[in-house]
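Asker: Chains A and B are the protein sequences, given in the same order.
Numbering of the first sequence is given in my numbering, commencing with residue 25 and proceeding in unit increments.
Numbering of the second sequence is given in my numbering, commencing with residue 139 and proceeding in unit increments.
Just so it is clear, CB atoms sit at the ideal spot from N, CA and C, and this is done for glycine as well.
Got a structure for you, written out below as structure tokens; questions coming shortly.
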Amino acid sequence: MLADAIAAEAFRARRSGGVLFWGFIAVPFAVLTFNLMLSSWIALHMRMPVPLDLGRQVVGGVALTGSAFFQVFYAAAAATMFAADYRWETWRLITPRNSRASLILARFAVYGAGCAGSLVLLGLAALVQCAYGALIGSAALVPPQGPFLLPLIGTFLTGWCELMVLGGIVAVIAIAFRAALGALMTAMVFAVGQWVAMAMVHPWEAPFSWYAALPRLSAYVLRAFVTGQELAPGIAAGAGQGQAGVAALCLVGWMLLLGGCAVGLFQAQELARE
Amino acid sequence: MTKRFGAVTALDRLSFSVPEGGVYGILGANGAGKSTFFRLCLDLVRPSGGGLSVLGGAPGQVAVRRQIGAMIETPRYYPTLTAAETLMMLARTSGVRAPEIGRWLARVGLMDAVHRKVRHFSVGMKQRLGIAAALIANPRLLILDEPTSGMDPAGILEMRTLIRELAAKDGVTILLSSHLLDEVQRTCDRVAIFARGTLVAEGRIDVLLAGQEKLRLLATSQQALQAALGGRGVCDGDGVLMTVSRAETPSLLRALVDGGIDLIEARWMGGGLEKFYLEQTGGDHAG
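This is the structure we're talking about:
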């Protein structure tokens, strides 16, 4: 039953060009465009090519989904996907055809696939930028310094989980209030609130309770851990405190909790009107 | 079964059963509870008291709902999809691997609009697509809420024919609501009449209307006609008015013709479902 719902939702999503573009392609497209322009500017104004670590560039590209600004696009996609059936009053058309849990999980699956595709595109955009830079002489490619594959996979999974948490928040609000705009606004407030809260705390000092309260902090610590970056000079992410493990647990916990809430809310919801 | 929305009782201790097979009409004024009843059958809303069984199971069971096709109120669609894509998406949601999209679109007269975006459809076309959408998973039970709303007279005739065919040839049980009582009388075998959330009448139409309708006969000779009827009819202008059941009518007419009466006209007068409905609901128009 879930497979049927996913197939149907994927079919519908493929025919919603606006949602696909603005939700999942706009960010990689904008990043690529900006980076190509930057490379061209560097080629015109710098005499020496900038050395570029291909591995770091790709990992850095994939990590861009951590930006609160870019997350607005993903939140908009989620809001459209989860609130569309209220807006178009189409729940009455599809709810009798499958289980309610499957219908909501199918939306999560398609949103998750869109996010994964977007992350891949961000990685590809970084590759294209490097290739373009080397071609026009703005960049001198250097082989990856240190491990490349594990940081890439870790950054990818962290970014994906962070976007799924964002989608989960949007889904819960969209279902509870039957409105896309309310869900989008809540997601933005949540993102900005986390950004402000993170500015008030040093990630390496934050107690574990903050990880649970701030998925953005969990993602930040996890991303730093998988890429081997330091949270502060001399303080490696995850060093000795199990921060990375807790961060991963919190992120996955948020994802499951919000997914469960969305399904539970929809299961209990009366569709006397959509 | 009772259904309340806050302080409003939409359905109040409703109790009846719909036999399998045939066409069953649900009648009532706007707000009488017809759509709420349909939504309960589809588990879109849940009863506040009591319960209902659909096709032998609870409406909450997906296996039960997948045997139901439904068009509730004005059908709504995803505006980015065409008619064919809409049916494909709905069929996939229902788990139908190879839906007969062309067949159903042809049956509702939408073959010319297969690849047109649904947002460009007229109200009548959306109704037709709604019926195709309800049929795409080959349901055992078909629920149609105002299926001919917004349709032109030819469309109404087509829909009546389709509904009767589905019941007679495909063995589909059809539950429908309509404000076109004449259409209901022509299409349905049984009806239930709701007024302000309660059931006020239920049964076979011919039984409910027995004694309500009168047959008006017109022949070349009124005297000969009256004599042939043996005092069962009373004069009504140049014709004869009589009480007879619809089931008896064919044999009565045949007997008159065989008896040498030159019939010019045989017409049902007064009574009818409309009169019965108004009597039962007290003219309720906003339940």
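For B:T311, write down the residues that DSSP places opposite it in a beta bridge.
Answerer: B:L279
Asker: With a CB to CB cut of under 7 Å and the five nearest residues on each side skipped, what residues in its chain are close to B:L198?
Answerer: Before going on, a small fix: residue 198 of chain B reads as Gly here, not Leu. Spatial neighbours of B:G198 in its own chain (CB-CB distance under 7 Å, excluding positions within 5 residues in sequence) are listed in chain order as D181.
Asker: Expressed to the nearest angstrom, what Euclidean distance is found between the alpha-carbon atoms of B:D308 and B:S389?
Answerer: 29 Å
Asker: Please state whether DSSP places B:A145 in a helix, a strand or coil.
Answerer: Here B:A145 carries a coil assignment [DSSP, helix/strand/coil].
Asker: Please list the partners that A:P168 has in chain B, where partner means a Cβ-to-Cβ separation under 9 Å.
Answerer: Residues of chain B passing the Cβ test: none, with the nearest at roughly 42 Å.
Asker: Can you list, in chain order, the residues of its chain whose CB lies under 7 Å from that of A:D28, leaving out five sequence neighbours each side?
Answerer: N122
Asker: With 8 Å set as the bound, which would you pick, yes or no: does the beta-carbon of B:F332 sit closer than that to a beta-carbon of chain A?
Answerer: Closer than 8 Å: no.
Asker: Short of 8 Å Cβ to Cβ, which residues in the region 163-184 of chain B face chain A?
Answerer: T174, R177, L180, D181, L182, V183 and R184
Asker: Quick check on this structure: which residue in B:L346, B:L219, B:T381 and B:G397 has the alpha carbon closest to the alpha carbon of B:R354?
Answerer: Answer by Cα proximity: B:T381.
Asker: For A:I160 and chain B, any beta-carbon pair shorter than 8 Å?
Answerer: no
Asker: Specify whether the region 87-98 of chain A and the region 175-184 of chain A touch according to this definition: at least 3 beta carbon pairs, one from each stretch, less than 8 Å apart.
Answerer: Two segments are said to touch when three or more pairs of C-beta atoms, one from each, lie closer than 8 Å; by this definition the region 87-98 of chain A touches the region 175-184 of chain A.
Asker: How far does the alpha helix (DSSP H) with A:L78 in it extend, from its first residue to its last?
Answerer: L78 to V86
Asker: Candidates A:Y244, A:V250 and A:A54: which alpha carbon is nearest A:L145's?
Answerer: A:A54
Asker: For chain A, is any of its Cβ atoms less than 8 Å away from the one on B:V156?
Answerer: no
Asker: Strictly by DSSP, which residues pair up with B:F332?
Answerer: Paired residue(s): B:L337.
Asker: For A:P175, decide whether its Cβ has a neighbour in chain B, counting only Cβ atoms nearer than 8 Å.
Answerer: no
Asker: Is any beta-carbon of chain A found at less than 8 Å from that of B:G425?
Answerer: Here the model assigns B:G425 a pLDDT of 43, short of 50, so the residue's position is not dependable, and the following value carries that caveat. False, the Cβ-Cβ gap to chain A never drops below 8 Å.
Asker: Which term fits B:C326, buried or exposed, when burial requires 16 or more other beta carbons within 10 angstroms of its beta carbon?
Answerer: buried
Asker: Which full runs of the alpha helix (DSSP H) of 4+ residues lie inside the region 205-263 of chain B, going along the chain?
Answerer: Fully enclosed alpha helix (DSSP H) runs of 4 or longer: 221-232 and 239-245.
Asker: Go through its chain and collect everything with a Cβ distance to B:Q364's Cβ below 8 Å, but skip five positions before and after it.
Answerer: G371, C373 and V378
Asker: Less than 7 Å between C-beta atoms, sequence neighbours within five positions excluded: which residues of the same chain meet that for B:V290?
Answerer: Residue identity differs from the one stated: residue 290 of chain B is Asp in this sequence, not Val. So the qualifying residues of the chain are G262.
Asker: Going by C-alpha distance, which of A:G192, A:T210 and A:Y244 is nearest A:F290?
Answerer: A:G192
Asker: Is any beta-carbon of chain A found at less than 8 Å from that of B:Y216?
Answerer: yes
Asker: Name, please, each residue of chain B whose Cβ falls closer than 9 Å to the Cβ of A:N122.
Answerer: Within chain B, the residues near A:N122 are V200, R203, R204, T231, S232 and G233.
Asker: Mapping the DSSP letters down to three states, classify B:D374 as helix, strand or coil.
Answerer: strand
Asker: Taking the alpha-carbon of B:R241 as reference, which of B:T358, B:E211 and B:L300 has the nearest alpha-carbon?
Answerer: B:L300
Asker: Let me know the secondary structure DSSP gives A:V225 once reduced to three states.
Answerer: coil
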